[in-house]
Structure formats: C-alpha cells, structure tokens
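Student: Residue numbers for the sequence shown follow my numbering, so the first one is 509 and each next one is one higher. Take this structure first; my questions come after.
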Amino acid sequence: MSELKGRNFLTLMDFTPDEIRHFLDLAAKFKSLKKEGKVHDGLKGKNVALIFEKTSTRTRCAFEVAAHDLGMHATYLDNSGSQLGKKESVEDTASVLGRMFDGIEYRGFGQERVEKIAEYSGVPTWNGLTDEYHPTQILADMLTIREHLKDEKGKKLVYMGDARFNMGNSLMVGCSKLGLHFVACAPSKYFPNKELTEKCRKWAEENGGSITHTEDISEALKDADVIYTDVWVSMGEPVEVWEERIRDLSPYKVTMDKMKAAKDTAIFMHCLPAYHDHETEIGKEMGERFGLKDMEVTDEVFSKYRTVLFDEAENRMHTIKAVMAATLGFEG
Ligand code: CP
Ligand code: NVA
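As structure tokens, this is what we get:
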C-alpha cells in the first residue's frame, strides 16, 4: 500500500481501518512465507535503530528477528549503551540517528518522546511502547483474534484491569477502528480518559463497534468473545502503588468463573509478561507480601489458554515485520 511508505507508526489513531487491515494482511503473508521457509529479504542494505529506555523481551526480539528476516541490520541501544537522556537530548539523538538509519523503534516513557524522535530523525519511527500507547501489540492481538475466532469485526473484547494506561488505551483505539465492541471493566477511576474515549466512540460508530466502560463484571462478561488483561502495575510506576492496585483490581482478576461467564468459544488474552504464579521476582515478592498466589490472572486460566497466549506473542514478530516493511516500502 503506497500510502504507508515513509509514514511513522506512533499510534493506531493515525491510520484508517483499511490501512490497519492492510498491516494485518501483510503480517499474515509474511507469517506464511516464514513458515514455508521462503526468503523475504527485500530490505537488504537498510539499517534500523532500536531504542529501549524500558526493558523488553517480545518487542525487542520481534524487531530484531523481523529486521533480520527482511535483510536489514538492527542496532540495539539501551540506557546504558547510549547518550540518550543523560548526555544528549532526544532531539539531538534523533537528529544523529536519522543521518545513519532508515528507521527507528523507540520504547520508553511519554508519547511526546517518540513523537520528537519522529520529528527530528525524519525517518519512519515506530512506537515499541510508551506510557500512553502500545500499537504494535494491538496488531498482534488482532491477528491472533482473526486466527482463533475467524474475524475481528463484531467481536466483544472485555479489558479487565487498569484501562487508563498503554494497553487499555490502545485496545480501545484498535477496537474502535476495526469495529469490535470494546468494554473496559474496572473501578471507574481506571477507565480511559474522556477525550480519548470520545474520539474512539466516533470511530466505533463509523465502523460498527461500540465503547462501554463499566464496573459491573457480569454485564461486561455477557457474550464476551475475548477477555483481556494486563499487569496491574506497569513499567515505570512506583512500587508504592501495588497495595492500592491489588485492593482495587483483585475483584477483576481473570478466573475460570469469569471465563465461564463469557461465550463458550471465548478466549483469554494478555500482552505478557504476566504475574500468574510465583515464578518471577516481582510476582513472588508481591505475592508473598500481600498473600496472593497470582495477580491479574490465575495460573489455571493462563495454562488453559497457553496456545492463544503464545500465538499472540509470536504474532508480535509477524506484525512488527509488516509495520517495518510497509513503512519502508516493501510489500513482500
Ligand atoms: N508485550 C510486550 O510488549 O512484551 P515485552 O515487554 O517483553 O516487549
Ligand atoms: N502495561 C504494561 C505493558 C507491557 C507490555 C507496561 O507498560 O508495563
């Protein structure tokens, strides 16, 4: 799709439903090529920079593997390995990188930082997660919904947890653009902000979907196709918020009872990483401190939907490949 060449990928708000579906179709095509062992290195000779001010497993690996499959070289920069923020401003760093690289991925804090990188680098810039948005994750989620439930349009997706942060915001945007029924189910202080909600309501109306915010769990789960959750405390948030989050969000933990209240065909999704047992440092520390075996999802639910969850994780790579390829002008 020629309209995508040279574009930034900062939030799904900037794309039409057709453009978003094009990313998904291209990702599915790259996924088939990869499974068939067919080379698709049409971006040979190009170079991309991957900036991670916050840690990552899926997003970093997805960008690195996808860049390599497309024939590109990737340079990874983290807080300890670059001057960004400490000795050089975002503007100056972006101006330098724009002279050397064909595209830049940024993961970090405020959305304004990735916007600045796009502005000052002058090359396609991809949002690998900010506090406000996580758009590459949404493409992977939609591809996974297509694979498991045939079509994303018209499906009811219930997000349980802190819907004010990157995942709640981005799912609401993605659902409204693609005609899903989005429900944020949480105490009202965790609902996405009014301004973004109003924008999404308009898109939802145009595209045959809807936006609902509710505290009522049984209303939310009725006829749900997808139950989605994320960690209760995100990267960069202070440790002091755990106690309040656990108190507020425990009733919204995804349990087998909640899965049973949804459609028989419903799937559970999570962007990962997840606190579903004590096998992580933070999960163990907080679990022991607050007397919990798990946090946002029980181990039973997590285990039952492992295939969906790891398809979703794998799809990060295919969809990120589609974003880099389309914005750099390679359609496979
Ligand atoms: N879902 C996601 O973005 O995972 P990482 O933090 O491992 O990149
Ligand atoms: N809300 C989470 C998403 C991780 C992929 C965070 O920002 O830490």
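For each residue, glycine too, the CB sits at the ideal point set by N, CA and C.
If Ser603 and Ser629 are in contact, beta carbons under 8 Å, what's the gap, nearest whole angstrom?
Tutor: Counting from 1 along the sequence shown, the entry for residue 603 is found at position 95. Counting from 1 along the sequence shown, the entry for residue 629 is found at position 121. At roughly 7 Å, the Cβ-Cβ gap stays under 8 Å, so Ser603 and Ser629 are in contact.
Student: What number of angstroms, rounded off, separates the C-alpha of Lys663 from the C-alpha of Ile653?
Tutor: Start at 1 with the first residue of the sequence shown, and residue 663 comes out as number 155. Start at 1 with the first residue of the sequence shown, and residue 653 comes out as number 145. Each residue's Cα considered, the two are about 9 Å apart.
Student: Could you give the distance in angstroms between the alpha-carbon of Met777 and the alpha-carbon of Asn674?
Tutor: Here residue 777 refers to the residue found at position 269 when the sequence shown is read from its first residue. Here residue 674 refers to the residue found at position 166 when the sequence shown is read from its first residue. Met777 and Asn674: Cα-Cα distance of roughly 15 Å.
Student: Return helix, strand or coil for Phe810, following the three-state DSSP convention.
Tutor: Taking the sequence shown and counting its residues from 1, one reaches residue 810 at position 302. Correct three-state label for Phe810: helix.
Student: Look up Tyr667 in the DSSP assignment and give the residues it is bridged to.
Tutor: For the purposes of this step, residue 667 is taken as residue 159 along the sequence shown, with counting starting at 1. Answer is Ala692 and Tyr736, bridged to Tyr667.
Student: Pairing CB atoms from the region 612–631 with CB atoms from the region 514–530, are three or more of them under 8 Å?
Tutor: yes
Student: Give a single yes or no on whether Asp738 has its beta carbon closer than 7 Å to a heavy atom of ligand 2.
Tutor: On the sequence shown, residue 738 is found 230 positions in, with the first residue counted as 1. Asp738 Cβ: within cutoff of ligand 2.
Student: Suppose you measure from the CA of Ser696 to the CA of Gly682; what does that come to, to the nearest Å?
Tutor: Translated into positions along the sequence shown, residue 696 becomes position 188. Translated into positions along the sequence shown, residue 682 becomes position 174. Roughly 21 Å separates the two Cα atoms.
Student: Say yes only if the C-beta of Cys779 is nearer than 7 Å to one or more non-hydrogen atoms of ligand 2, and no if none qualify.
Tutor: In the sequence shown, the residue the question calls residue 779 occupies position 271. True, at least one ligand heavy atom lies under 7 Å from that Cβ.
Student: Going by DSSP in three states, Thr827 sits in which element: helix, strand or coil?
Tutor: On the sequence shown, residue 827 is found 319 positions in, with the first residue counted as 1. Correct three-state label for Thr827: helix.
Student: Would the C-beta of His642 count as close to ligand 2, meaning under 7 Å from any of its heavy atoms?
Tutor: Residue 642 sits at position 134 when you count from the first residue of the sequence shown. Distances between the C-beta of His642 and the heavy atoms of ligand 2 include at least one below 7 Å.
Student: CB-CB under 6 Å to Val691, same chain, minus the five flanking residues each way: which ones, in chain order?
Tutor: The residue given as residue 691 occupies position 183 in the sequence shown. Contacts found: Val666, Thr720 and Ala728.
Student: Trp634 bridges to which residues according to DSSP?
Tutor: Working through the sequence shown from its first residue, we reach residue 634 at position 126. Note: Trp634 sits in a beta bridge opposite Phe517 and Glu613.
Student: Which of the three DSSP states, helix, strand or coil, is assigned to Tyr584?
Tutor: Sequence index remark: in the sequence shown, residue 584 carries index 76 (1-based). Three-state result, Tyr584: strand.
Student: With DSSP as the reference, label Asn701 as helix, strand or coil.
Tutor: As a first step, residue 701 must be located in the sequence shown, where it is residue number 193. In the structure shown, Asn701 sits in coil (DSSP, three-state: anything other than H, G, I, E or B).
Student: Candidates Gly716, Met764, Asn677 and Ser684: which alpha carbon is nearest Phe699's?
Tutor: Numbered from 1 along the sequence shown, position 191 holds the residue referred to as residue 699. Nearest neighbour of Phe699 by Cα position, chosen from Gly716, Met764, Asn677 and Ser684, turns out to be Asn677.
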